[in-house]
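Count along the sequence shown starting at 1, add 58, and that's the number in my numbering. All remarks here apply to the structure that follows.
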Amino acid sequence: MGKKGVLLVNLGTPDSPEVKDVRKYLDQFLMDERVIDINAFKRTLLVKSIIVPFRSPKTSKLYKEIWDENGSPLLYYSKIQAALVQEKLGDEYHVELAMRYQNPSIQSALDKMKAGLVESIKVIPLFPQYASASTGSVIQSVMEIVSKWTTIPSVSFVNSFHDNELMLEVFAENARKYQPETYDHVLFSFHGLPERQLLKCDHTGNYCLKKDNCCDTLNDTNKFCYSAQGHDTARLLAEKLNVSKENYTVCFQSRLGKEPWVQPYTTDVLKKLAAEGKKRLLVFSPAFVADCLETLYEITVEYHEEFKALGGEHVQLVESLNDHPKFIDALVELAVS
Numbered sequence: 059m060g061k062k063g064v065l066l067v068n069l070g071t072p073d074s075p076e077v078k079d080v081r082k083y084l085d086q087f088l089m090d091e092r093v094i095d096i097n098a099f100k101r102t103l104l105v106k107s108i109i110v111p112f113r114s115p116k117t118s119k120l121y122k123e124i125w126d127e128n129g130s131p132l133l134y135y136s137k138i139q140a141a142l143v144q145e146k147l148g149d150e151y152h153v154e155l156a157m158r159y160q161n162p163s164i165q166s167a168l169d170k171m172k173a174g175l176v177e178s179i180k181v182i183p184l185f186p187q188y189a190s191a192s193t194g195s196v197i198q199s200v201m202e203i204v205s206k207w208t209t210i211p212s213v214s215f216v217n218s219f220h221d222n223e224l225m226l227e228v229f230a231e232n233a234r235k236y237q238p239e240t241y242d243h244v245l246f247s248f249h250g251l252p253e254r255q256l257l258k259c260d261h262t263g264n265y266c267l268k269k270d271n272c273c274d275t276l277n278d279t280n281k282f283c284y285s286a287q288g289h290d291t292a293r294l295l296a297e298k299l300n301v302s303k304e305n306y307t308v309c310f311q312s313r314l315g316k317e318p319w320v321q322p323y324t325t326d327v328l329k330k331l332a333a334e335g336k337k338r339l340l341v342f343s344p345a346f347v348a349d350c351l352e353t354l355y356e357i358t359v360e361y362h363e364e365f366k367a368l369g370g371e372h373v374q375l376v377e378s379l380n381d382h383p384k385f386i387d388a389l390v391e392l393a394v395s
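Shown next as structure tokens:
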């Protein structure tokens with residue numbers, strides 16, 4: 059019998075922090091119809107004429123702040139994750155790592171599996187909460203590539219793992235060393251999305267953003283909603299850490315453009331907490347399984363400095379899952395389930 063394929067896919071990273079490579083990365087990323095889900099002509103005009111030319115030099119500077127001797131932290135930890143999963147699964151499995159944007163590409167990873175004559179492929183998008191712009195994009199890309207093969211093996215996907223017990227325990231372990239009870243407030247800061255993308259996930263058309271706190275409880279209507287899954291992740295983590303509902307806030311970072319994105323925005327929450335006299339904040343970013351630009355710079359540097367300027371004292375990031383053994387066990391469980 060052939061080997062069973064396991065494809066781990068993360069979002070992506072530039073090949074280097076130089077402007078030319080950042081430009082290539084942003085162009086591929088933002089031209090994805092699921093990321094900027096507007097008319098193709100408008101998307102092309104917006105991305106190629108405005109966003110990429112203006113953002114590339116600025117984003118390049120940010121990547122240079124987090125790039126180290128291992129290169130991109132996201133790629134570095136993703137490679138370790140894939141290697142450790144392969145080691146755990148053994149010779150009966152063929153594990154490959156891919157990035158949705160840039161390298162290693164999904165095409166190259168699938169080509170290796172095809173050449174390896176795998177009998178099946180389990181695709182694990184490395185995004186705990188489902189979003190069309192992340193998990194959905196990975197699934198679409200894999201299906202488009204494999205659909206062109208003459209012989210198509212059994213292919214299955216992990217839709218989300220926002221409530222995975224081992225994943226939650228790693229975040230909780232990482233937080234306990236900072237003694238959460240000594241902080242004034244806890245933030246669960248997720249990557250943002252335009253509100254329109256949440257609305258598209260509501261197939262009833264009469265639930266999402268139609269009533270207050272529609273994301274607070276996961277149910278049959280919002281079970282594929284990124285925000286609702288995020289709120290559920292936060293609730294489960296808060297329970298593990300004995301953090302009361304009054305002492306934590308779910309918020310969303312990395313807004314792009316002026317249209318409404320999922321709220322509350324992390325920057326607005328920082329202002330509110332500073333105005334209330336809060337001084338020390340403990341911040342999780344549970345949408346990421348490896349530390350990256352959004353955690354190592356946006357939270358650790360930008361939000362820390364912003365909060366201090368508002369009168370606060372400290373913003374402490376809870377590091378991501380990275381190469382924690384329990385997260386590797388979680389990935390192995392997802393691979394074989």
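Built from N, CA and C at the ideal position, the CB exists for glycine as well.
### Cross-strand partners of S395 (DSSP beta bridge)
Answer is none; S395 lacks a bridge partner.
### Message
Please state whether the Cβ-Cβ distance between A173 and L155 is less than 7 Å.
### Response
In this structure, L155 does not lie closer than 7 Å to A173 by Cβ.
#### Entry: alpha helix (DSSP H) segment containing I210, residue limits
Neither: I210 is in no alpha helix (DSSP H) and is coded neither H nor E.
### Task
Please classify A393: is it buried, with 16 or more other beta-carbons within 10 angstroms of its beta-carbon, or exposed?
A393 comes out buried.
### Task
Going by CA-CA distance only, name the one from T117, I108, K61, G70 that's closest to G148.
Residue K61 holds the alpha-carbon nearest to the alpha-carbon of G148 among T117, I108, K61, G70.
### Task
Give the DSSP bridge partners of H152, in chain order.
Partner(s): G63.
### Task
Using 6 Å as the cut-off, classify the Cβ of P115 as near or not near the heavy atoms of the ligand SAH, replying yes or no.
Here there are no bound small molecules, and the ligand SAH is not part of this structure.
### Query
Of the residues L184, K116, L88, which one's Cα is nearest the Cα of V347?
Nearest C-alpha to V347: L184.
### Query
At what residue ranges does the segment 257-303 contain a whole run of the alpha helix (DSSP H), taking only runs of 4 or more?
DSSP runs (the alpha helix (DSSP H)) wholly in the segment 257-303: 284-298.
### Message
Taking the alpha carbon of H243 as the reference point, which residue from L104, F365, I386, P131 has its own alpha carbon closest?
### Response
Of all alpha-carbon atoms in L104, F365, I386, P131, the one lying nearest the alpha-carbon of H243 is that of F365.
#### Entry: For W125 and P318, the rounded distance between their alpha carbons
Taken atom to atom, the span from the alpha-carbon of P318 to that of W125 is near 32 Å.
### Validate contact between the segment 365-376 and the segment 335-343 using beta carbons, cut 8 Å, 3 pairs
They touch, by the three-pair rule.
### Task
Could you pull out every residue in the same chain whose Cβ sits closer than 6 Å to the Cβ of T358, ignoring the five residues on either side in sequence?
So the list reads L375, once near-sequence residues are dropped.
### Task
Would you kindly work out how many angstroms separate the C-alpha atoms of L104 and F87, rounded to a whole number?
L104 and F87 have their C-alpha atoms some 13 Å from each other.
#### Entry: Per DSSP, cross-strand counterpart(s) of I182
Residue pairing by DSSP places I182 opposite L66 in a beta bridge.
### Same chain only: Cβ atoms within 7 Å of L331, ignoring 5 sequence neighbours per side
Contacts found: H243, L339.
#### Entry: Cut-off 7 Å between Cβ atoms - residues of its own chain near V327, not counting five sequence neighbours on either side
L245, T307, C309.
#### Entry: With 16 other Cβ atoms within 10 Å as the buried cut-off, status of L226
So L226 ends up on the buried side.
#### Entry: Where the beta strand (DSSP E) through R338 begins and ends
Per DSSP, R338 belongs to the beta strand (DSSP E) from 338-342.
### Query
What residue does the alpha helix (DSSP H) around Y134 start on, and which one ends it?
131-147 is the span of the alpha helix (DSSP H), which, as asked, contains Y134.
### Task
Taking K180 and G63 to be in contact with their CB atoms under 8 Å, please state how far apart those CB atoms are, rounded to whole angstroms.
Between K180 and G63 the beta-carbon gap is near 7 Å, inside 8 Å, which marks them as a contact.
### Query
Does DSSP put L354 in a helix, a strand or coil?
In this structure, L354 counts as helix in the three-state DSSP scheme.
### Query
Quick one: what's Q415 bridged to in DSSP?
This structure does not reach residue 415, given that the chain is present from 59 up to 395, and the question cannot be answered.
### Task
May I ask you to report which of helix, strand or coil DSSP gives S247?
In this structure, S247 counts as strand in the three-state DSSP scheme.
### Message
Only counting the same chain, and skipping five residues up and downstream in sequence, which positions put a Cβ closer than 6 Å to that of L144?
### Response
Note that residue 144 is Gln in the sequence shown here, rather than Leu. Excluding positions up to five away in sequence, the list reads V153.
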